[in-house]
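Accompanying notes for the structure given below.
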Amino acid sequence: EDKVVQSPLSLVVHEGDTVTLNCSYEVTNFRSLLWYKQEKKAPTFLFMLTSSGIEKKSGRLSSILDKKELFSILNITATQTGDSAVYLCAVEAGGTSYGKLTFGQGTILTVHP
Amino acid sequence: ETGVTQSPTHLIKTRGQQVTLRCSSQSGHNTVSWYQQALGQGPQFIFQYYREEENGRGNFPPRFSGLQFPNYSSELNVNALELDDSALYLCASAGRGVYNEQFFGPGTRLTVL
């Protein structure tokens, strides 16, 4: 059974700090790994990492994928209070499980002013 | 904000009743997936529809069923509601290229009393 484990489960920092969120996974027939930010309801897409794209960056956020060690990290530099949210990691399998996302439990990030 | 919409926003039902949730996919997307997110957990895959047919199912009993219509919108039906069905129900739409980000709607909060 596919499995995704995120750590830490929660994190409290102050504005300006840098944070690193971790995601390890076990999946049969890996296709991609996705990061989402969930503030109230809808998870908002951040990054997709695949075999052909193992590093992504957008502003203060960046992510890498290590396919050999089966993990990914999401970095947020110079954190702001608006970064407070649940960050979800998900893996997508291929084959007969095409399109099925398996999510981790999420990391709750709280950024204090 | 994605182009994925869901209705209703909130719903309260009693045990044993039946419920129908609706989702309109983003323009150009032909695949819709449904997820159940219990409080404090990551979303869990229920099933996926592609071109009006079920295309993959998670570990949910048959009382969870769905439909996809020719315009790619979708319904999730749950019969014989149980207390544990209380959750946020998310739908996500995607295209069908080589790699496809799934974009989520705002969700329907279902409470079963």
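Heads up: the sequence lines are chains B and W, in that order. Numbering-wise (the numbering used here), the first sequence opens with residue 1 and increments by one. Numbering-wise (the numbering used here), the second sequence opens with residue 1001 and increments by one. We put the beta carbon where it would ideally sit given N, CA and C, even for glycine.
query: Applying a beta-carbon distance threshold of less than 7 angstroms, which residues of chain W neighbour Gln105 (chain B)?; result: Gln1041 and Gly1042
query: So who's on the other strand from Ser1074 (chain W), going by DSSP bridges?; result: W:Cys1023 and W:Gln1068
query: Distance, Cα to Cα, Ser1073 (chain W) vs Gly1066 (chain W)?; result: 11 angstroms
query: Taking the straight line between their C-alpha atoms, what separation do you get for Leu49 (chain B) and Gly1016 (chain W)?; result: 42 angstroms
query: Can you tell me whether DSSP reads Asp66 (chain B) as helix, strand or coil?; result: strand
query: Between which two residues does the beta strand (DSSP E) harbouring Pro43 (chain B) extend?; result: Pro43 to Thr50
query: Run down chain W in chain order and give the residues with a C-beta less than 8 angstroms from the C-beta of Lys100 (chain B).; result: Ser1033, Phe1045, Gln1048, Gly1056 and Gly1058
query: Should Gly1028 (chain W) go down as buried or exposed, given a rule of 16 or more other Cβ atoms within 10 Å for buried?; result: exposed
query: Considering only the alpha carbon of each residue, which of B:His112, B:Lys67 and B:Ile76 lies closest to Val91 (chain B)?; result: B:Lys67
query: Please list, in chain order, the chain B residues whose beta carbon lies closer than 8 angstroms to that of Phe1103 (chain W).; result: Phe45
query: Would Ile93 (chain B) be called buried (16 or more neighbouring beta carbons within 10 Å of its own) or exposed?; result: Reading the sequence as shown, one finds Ala at residue 93 (chain B) and not Ile. Buried, by the Cβ-count rule.
query: What's the C-alpha gap between Ser1033 (chain W) and Leu1081 (chain W)?; result: 20 angstroms
query: With distance defined between alpha-carbon atoms, name the residue in B:Asn22, B:Leu101 and B:Ser62 nearest to Leu9 (chain B).; result: B:Asn22
query: For the region 56-74 of chain B, list every residue whose C-beta sits within 9 angstroms of some C-beta in chain W, in sequence order.; result: none
query: Among B:Ser58, B:Leu74 and B:Leu33, which residue has its Cα nearest to the Cα of Ser52 (chain B)?; result: B:Leu33
query: Output yes if chain B places a C-beta closer than 8 angstroms to the C-beta of Tyr1089 (chain W); else output no.; result: no
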